[in-house]
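Step one of this worksheet: look at the structure below.
In our numbering, the protein residues as written are 616 to 854.
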């Protein structure tokens, strides 16, 4: 989610935000998302940072197969949906005696998409509409208010923590960092996509670097979106 000063009638960007739907193409699938700016505001529209992070996961071939992934501030669900699709691994086994027999097996990412309670029904509707039935059990929607619902999430249990445009309200920085520390083990990879708009954004990055090893792994100049990778201890080169 992000806070961008677009008002009604403020040109093409505003029309996109206020559109009732948005369409994307990732993981060889067309993803059609509901949007609901009038009712839910920033939690219910697709932001550039999510699009850039989805593209990064796909283009870099980040291996999410059989990994435990959690998204913070999931909003429309685009990032979590794409992570679930990319984490699906289909393997064909041919029986030696009868080559015409094919067994299709699916080993996918386990993805938890989180947001505040008010956005969950909307988020769930997008997840159900865009994941094939065999993958829906791999994607879970759960309530998470940063710093407050942490007992509902096992500490250090996730391989990846994803966030797109969740760094924008300074009053949430301490709770967001507390949440990241709770969710991460020494092996967990954090990937955060964001625009650096204000001085407070630099402040968050400094606070993050006080707790994690942080490195910028990608910059999309067309959308002015940075992707940062963070880990406890020494940053590892691979994923």
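Backbone N, C-alpha and C define an ideal beta-carbon position, used for all residues, glycine too.
If distances are taken between C-alpha atoms only, which option among the options comes closest to residue i?
| i | options | result |
| --- | --- | --- |
| residue 794 | 733, 764 and 811 | 764 |
| residue 662 | 814, 654 and 632 | 632 |
| residue 666 | 839, 849, 805 and 845 | 839 |
| residue 827 | 788, 685 and 801 | 801 |
| residue 671 | 848, 846 and 833 | 833 |
| residue 636 | 691, 762, 687 and 669 | 691 |
| residue 640 | 693, 677, 656 and 651 | 693 |
| residue 819 | 792, 758, 837 and 805 | 792 |
| residue 807 | 643, 761 and 688 | 688 |
| residue 740 | 676, 649 and 811 | 649 |
Where do the ends of the beta strand (DSSP E) carrying residue i lie?
| i | result |
| --- | --- |
| residue 669 | Looking at the DSSP string, residue 669 is not in any beta strand (DSSP E); the run it does join, the alpha helix (DSSP H), is 663-674. |
| residue 686 | 683-687 |
| residue 835 | 828-835 |
| residue 794 | Where residue 794 is concerned, there is no enclosing beta strand (DSSP E), although the alpha helix (DSSP H) it sits in stretches over 788-798. |
| residue 639 | 636-641 |
Please confirm whether any heavy atom of the ligand PLP lies closer than 8 Å to the CB of residue i.
| i | result |
| --- | --- |
| residue 738 | For the ligand PLP, the structure offers nothing, since it holds no ligand at all. |
Need the endpoints of the alpha helix (DSSP H) that residue i sits in, please.
| i | result |
| --- | --- |
| residue 846 | Note, residue 846: premise wrong, no alpha helix (DSSP H); beta strand (DSSP E) at 840-846. |
| residue 698 | 693-701 |
| residue 818 | 814-824 |
| residue 736 | 735-745 |
| residue 654 | 652-655 |
Here's the rule: buried if 16 or more other CB atoms are within 10 angstroms of the residue's CB, otherwise exposed. What is residue i?
| i | result |
| --- | --- |
| residue 743 | exposed |
| residue 725 | buried |
| residue 861 | This structure leaves residue 861 out entirely; the chain is present only between 616 and 854. |
| residue 841 | buried |
| residue 774 | buried |
| residue 848 | exposed |
| residue 814 | exposed |
| residue 686 | buried |
If residue i and residue j are in contact, beta carbons under 8 Å, what's the gap, nearest whole angstrom?
| i | j | result |
| --- | --- | --- |
| residue 830 | residue 821 | Incorrect: roughly 14 Å between the Cβ atoms, too far for contact. |
| residue 695 | residue 723 | Not really, about 12 Å apart at Cβ, beyond 8 Å. |
For residue i, decide whether its Cβ has a neighbour in chain B, counting only Cβ atoms nearer than 9 Å.
| i | result |
| --- | --- |
| residue 738 | No chain B is part of this structure, which consists of one protein chain only. |
ask   = Counting pairs of beta carbons, one from the stretch 771-783 and one from the stretch 748-755, are three or more of them closer than 8 Å?
value = Contact between the stretch 771-783 and the stretch 748-755 is not established, with fewer than three Cβ pairs separated by less than 8 Å.
request  = May I ask you to verify whether the stretch 729-747 touches the stretch 675-684, counting CB pairs closer than 8 Å and requiring at least 3?
outcome  = no
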